[in-house]
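Q: The numbering of the sequence shown is UniProt numbering, which starts it at 1 and goes up by one.
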Amino acid sequence: MFYHVLRMKLATNVAILREKYVSFLLRFSCALVVTIFVFAIALSGFSIWYYKEAFTLDPRIGFETRGTTLSNQRLAIENLLQVAATASELVSLRMKRSPLTADADKYGEEYGNYSDIVVAYDEYGVDPDPTLDDIHGACDQYFALGTFIPYNYMEYLAKVVFRVTSFDNLFTMKTMRRLCHLDTIVDQTLASSSLLKNTIKKLPYSFNLPYYTIIQIFRTMVTRCAAENPPSQCSSSIARQLTNMIFSKHKRPILASDTVYIAAVLPIIVSSDGSQDFDFYDALLKKLQQYYRRGDLVLVGASFNVKQSLFKRLVLSDVLLGILAVLLVVLVILLYSNSLLFTLIISTALVLSVGVSFSVYTVIFRVTFFPFLNLLAIVLIVAVGADDAFLFLYQFRKHKQEMKAALLFMPRRGDDEATSDDKTQQRRRECLRRCLNEALSHAAIAMLVTSATTAVAFYANLASKIVVLRWLFIPLSLVAFAISIYAIVNKPGIRLPERNSMQLLRSNQAYEWFDENSAALFDFSMGQKLKMNLLAVWGIQPTT
Numbered sequence: 001m002f003y004h005v006l007r008m009k010l011a012t013n014v015a016i017l018r019e020k021y022v023s024f025l026l027r028f029s030c031a032l033v034v035t036i037f038v039f040a041i042a043l044s045g046f047s048i049w050y051y052k053e054a055f056t057l058d059p060r061i062g063f064e065t066r067g068t069t070l071s072n073q074r075l076a077i078e079n080l081l082q083v084a085a086t087a088s089e090l091v092s093l094r095m096k097r098s099p100l101t102a103d104a105d106k107y108g109e110e111y112g113n114y115s116d117i118v119v120a121y122d123e124y125g126v127d128p129d130p131t132l133d134d135i136h137g138a139c140d141q142y143f144a145l146g147t148f149i150p151y152n153y154m155e156y157l158a159k160v161v162f163r164v165t166s167f168d169n170l171f172t173m174k175t176m177r178r179l180c181h182l183d184t185i186v187d188q189t190l191a192s193s194s195l196l197k198n199t200i201k202k203l204p205y206s207f208n209l210p211y212y213t214i215i216q217i218f219r220t221m222v223t224r225c226a227a228e229n230p231p232s233q234c235s236s237s238i239a240r241q242l243t244n245m246i247f248s249k250h251k252r253p254i255l256a257s258d259t260v261y262i263a264a265v266l267p268i269i270v271s272s273d274g275s276q277d278f279d280f281y282d283a284l285l286k287k288l289q290q291y292y293r294r295g296d297l298v299l300v301g302a303s304f305n306v307k308q309s310l311f312k313r314l315v316l317s318d319v320l321l322g323i324l325a326v327l328l329v330v331l332v333i334l335l336y337s338n339s340l341l342f343t344l345i346i347s348t349a350l351v352l353s354v355g356v357s358f359s360v361y362t363v364i365f366r367v368t369f370f371p372f373l374n375l376l377a378i379v380l381i382v383a384v385g386a387d388d389a390f391l392f393l394y395q396f397r398k399h400k401q402e403m404k405a406a407l408l409f410m411p412r413r414g415d416d417e418a419t420s421d422d423k424t425q426q427r428r429r430e431c432l433r434r435c436l437n438e439a440l441s442h443a444a445i446a447m448l449v450t451s452a453t454t455a456v457a458f459y460a461n462l463a464s465k466i467v468v469l470r471w472l473f474i475p476l477s478l479v480a481f482a483i484s485i486y487a488i489v490n491k492p493g494i495r496l497p498e499r500n501s502m503q504l505l506r507s508n509q510a511y512e513w514f515d516e517n518s519a520a521l522f523d524f525s526m527g528q529k530l531k532m533n534l535l536a537v538w539g540i541q542p543t544t
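#1: Nearest to Gln401 by alpha carbon, out of Cys431, Val382, Asn374 and Asp273?
#2: For Cys234, which residues of its own chain have a beta-carbon under 6 Å away from its beta-carbon, when the five flanking residues on both sides are left out?
#3: The beta strand (DSSP E) with Val164 in it runs from where to where?
#4: Are the CB atoms of Leu190 and Ala510 within a distance shorter than 8 Å?
#5: Taking Ala520 as part of the alpha helix (DSSP H), name the residues at either end of that continuous run.
#6: Sorted by chain position, which residues of the same chain lie with C-beta nearer than 7 Å to Arg240's C-beta, five sequence neighbours on each side aside?
#7: Hey, out of Asp296, Ala536, Ser271 and Met532, whose CA is closest to Asp258's CA?
#8: Rounding to the nearest angstrom, what Cα-Cα distance links Leu242 and Asn229 in this structure?
#9: If you follow the alpha helix (DSSP H) that Ser237 is part of, which residue opens it and which one closes it?
#10: Please give the ranges of any alpha helix (DSSP H) in the region 175 to 235, keeping only runs that are unbroken, at least 4 residues long and fully inside the region.
#11: Rounding to the nearest angstrom, what Cα-Cα distance links Val319 and Val330 in this structure?
#12: If the criterion is Cβ atoms closer than 8 Å, does the pair Leu57 and Lys398 meet it?
#13: Just the Cα atoms here: how many angstroms apart are Met154 and Ile77?
#14: Is it true that the CB of Ile364 sits closer than 8 Å to the CB of Tyr291?
#15: Within this structure, are the beta carbons of Ile381 and Val354 separated by less than 8 Å?
#16: Provide the residue span of the beta strand (DSSP E) that contains Val326, from first to last.
#17: So if DSSP puts Ser303 in a beta bridge, which residue, or which two residues, is it bridged to?
#18: Assuming contact is defined by CB atoms lying nearer than 8 Å, are Thr362 and Ser47 in contact in what I supplied?
#19: Per DSSP, what kind of secondary structure is Tyr261 in: helix, strand or coil?
#20: Could you tell me if Pro253 is buried or exposed, where buried requires 16 or more neighbouring beta carbons within 10 angstroms of its beta carbon?
#21: I'd like to check one pair, Ile238 with Tyr151: are the Cβ atoms closer than 8 Å?
#22: Cutting at 8 Å between CB atoms, please list the residues of its own chain near Ala283, excluding the five before and the five after it.
#23: Identify the continuous alpha helix (DSSP H) that holds Val38 and give its terminal residues.
#24: How is Phe171 classed by DSSP in three states: helix, strand or coil?
#25: If you pair each beta-carbon of the region 171 to 184 with each one of the region 243 to 252, do three or more pairs fall below 8 Å?
#26: Roughly how far, in whole angstroms, is the beta-carbon of Asn517 from the beta-carbon of Gly301, given that I think they are within contact range, below 8 Å?
#27: Which partner residues of Leu145 appear in the DSSP bridge assignment?
#28: Quick check on Tyr486: does DSSP put it in helix, strand or coil?
#29: In the DSSP assignment, what are the bridge partners of Ser269?
#30: For Leu132 versus Pro204, is the C-beta distance shorter than 8 Å?
#31: Give me, in chain order, the residues of the same chain whose beta-carbon lies closer than 6 Å to that of Phe481; leave out the 5 immediate sequence neighbours on both sides.
#32: Is Ile214 buried or exposed, if buried means 16 or more other CB atoms sit within 10 Å of its CB?
#33: What does the Cβ neighbour count give for Tyr212, buried or exposed, with the cut at 16 atoms within 10 Å?
#34: Do Ile346 and Ala389 have their CB atoms nearer than 8 Å?
Right, dumping it as structure tokens:
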């Protein structure tokens, strides 16, 4: 009984509030729309102007954990390195503090005018150290690896991986000739670019299979080195280069029909920052894929250190697709509503909702970065907003037709024409008020429930330790649910990356394939000395 009374009172109060809200809308409709739009535009413009640096396309930012012991230590070191003094500042400070510096400068000024003493060591029969100019063939370069060409140099050279259909097809003249064309493609790409050749190409030749030895000799060596008791030739420098960097690893004896992978280390270095020389590496990859796309030899992987730059460009191109989708939705709203004003108001509200969300994100919650993953907000906001607009318009038109039918059968009273027109206008206003009231009573609940359930499903990410998931205030749970159903029903064989810490592109993309599979097939760190950076930070724990 108490619940029934409470429910009746709540329904009555909601009906009264709805009546007042509808009356307020009819009386101050223009002022309300203008006020909301001006406030939203001002808030969006303020946040975008002062917090535009918060937007980032770096896929690594935001996926680190927060609130744990290790993450706090890592963040402390990162923040310390950002404000730490540079090497030049430390040297300058030491020069100011050291009293010996002034004496050294005075000594340099006093005795600095004397010419340097040059000792001609060549006259004593000492040979100069070999350089790259002494390399007259590919074999000279391969034997020099580990001497004046250090093993660590391999880390900075570009690499490509090929798939060969079978072990027999690898040792054919056609396959070897196609591999020999690799350096020609690199040189042609360098010649057609505006980059200086000396800044990119650091070695005369690539570490490529056809340059090492005769085909049949290499086939015999691969077979013997894969045996349990390999001969002594398998431990030579050239043999270790072939078995570690060029020919893929195998856990069992190789069969003639087995698919094999062949790597090649190019004579060019990878991009330093991933963006400065992006056009050159992108053109090189396209030419390589064009030449090695068919037949027994196919390019499957590449490493140029430009994957993140490619990802950023693809994200921006996908944003254009999102804008195209928004325009199509706007066109559908226009065709369905047959009202340019209604379409303009809904479209403007959808666009401004993104700006207001960015304001709440940066101004209120004080989040200092806006990751690219939040771009999904555009798609979800358009989807939810368009559904609500269609739902409300449908209810309004439905009740409007019912009210029109009631007005047609309503008898007119009075003979005065002016009085009749006033009553007609009054009946129309009353009809409009009742239509809005009835439409809100039916549509508002459905709009609120659909939006609330979608938002609540996403707010569960607030408990996550990963920053991107914690601050991604967009309901991605429905998308994840649909994808999971698709994966279970249609694509149960989809495999997640095992060795790639962060997959940005498709699995069959050359850069992603290399990051995922190269470590299992090759050992490009052969001969390199492992290094470990240790950072120690001392501080004072505050006490009360």
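Glycine included, C-beta positions come from ideal geometry on N, C-alpha and C. Keep in mind it's a predicted model, so treat the numbers as computed, not measured.
A: With the structure as the only source:
#1: Answer by Cα proximity: Cys431.
#2: Excluding residues within five positions, the ones whose Cβ falls inside 6 Å are Cys225.
#3: Val164: member of the beta strand (DSSP E) spanning Leu157 to Val164, first to last residue.
#4: No.
#5: Here the alpha helix (DSSP H) through Ala520 covers Ala510 to Leu521.
#6: Scanning its chain for C-beta atoms nearer than 7 Å, with the 5 sequence neighbours on each side dropped, one finds around Arg240 the residues Met526, in chain order.
#7: The shortest Cα separation from Asp258 among Asp296, Ala536, Ser271 and Met532 belongs to Asp296.
#8: Straight across, the Cα-Cα distance linking Leu242 with Asn229 is about 18 Å.
#9: Note, Ser237: alpha helix (DSSP H), Ser237 to Gln241.
#10: With a minimum length of 4 residues, the continuous alpha helix (DSSP H) runs that stay inside the region 175 to 235 are 182 to 192, 197 to 200 and 215 to 225.
#11: C-alpha separation (whole angstroms): 17 Å.
#12: In this structure, Leu57 lies away from Lys398, with their beta-carbon atoms at least 8 Å apart.
#13: Spanning the alpha carbons of Met154 and Ile77 requires a straight line of approximately 30 Å.
#14: The answer is no: Cβ separation not under 8 Å.
#15: For the pair Ile381 and Val354, the CB atoms are nearer than the 8 Å cut-off.
#16: From DSSP, Val326 is part of no beta strand (DSSP E) but of the alpha helix (DSSP H) over Lys307 to Ser337.
#17: In DSSP, Ser303 forms a bridge with Lys159.
#18: The Cβ-Cβ distance between Thr362 and Ser47 falls below 8 Å.
#19: Here Tyr261 sits in strand by DSSP.
#20: Pro253 should be labelled exposed.
#21: Going by C-beta atoms, Tyr151 is not nearer than 8 Å to Ile238.
#22: Excluding positions up to five away in sequence, the list reads Thr189, Ser192 and Ser193.
#23: Secondary structure note for Val38: its alpha helix (DSSP H) is the uninterrupted segment Ser29 to Tyr50.
#24: In this structure, Phe171 counts as coil in the three-state DSSP scheme.
#25: Because the criterion of three Cβ pairs below 8 Å is not met, the region 171 to 184 and the region 243 to 252 do not touch.
#26: 7 Å between Cβ atoms; contact.
#27: BP columns for Leu145 point to Ile149.
#28: With a pLDDT of 44 at Tyr486, under the threshold of 50, the modelled position of this residue cannot be trusted; read the value that follows with caution. Tyr486 sits in a helix when the DSSP states are folded into three classes.
#29: Just to set this straight, residue 269 is Ile in the shown sequence, not Ser. BP columns for Ile269 point to Leu157.
#30: Yes, they are a contact pair.
#31: Low confidence applies here, because Phe481 scores a pLDDT of 43, under 50, leaving its location unreliable and the question unanswered by this model.
#32: With fewer than 16 other beta carbons inside 10 angstroms of its own, Ile214 counts as exposed.
#33: Classified as buried, Tyr212 has 16 or more neighbouring CB atoms from the shown chains inside 10 Å of its CB.
#34: With respect to Ala389, Ile346 sits close: the two C-beta atoms are nearer than 8 Å.
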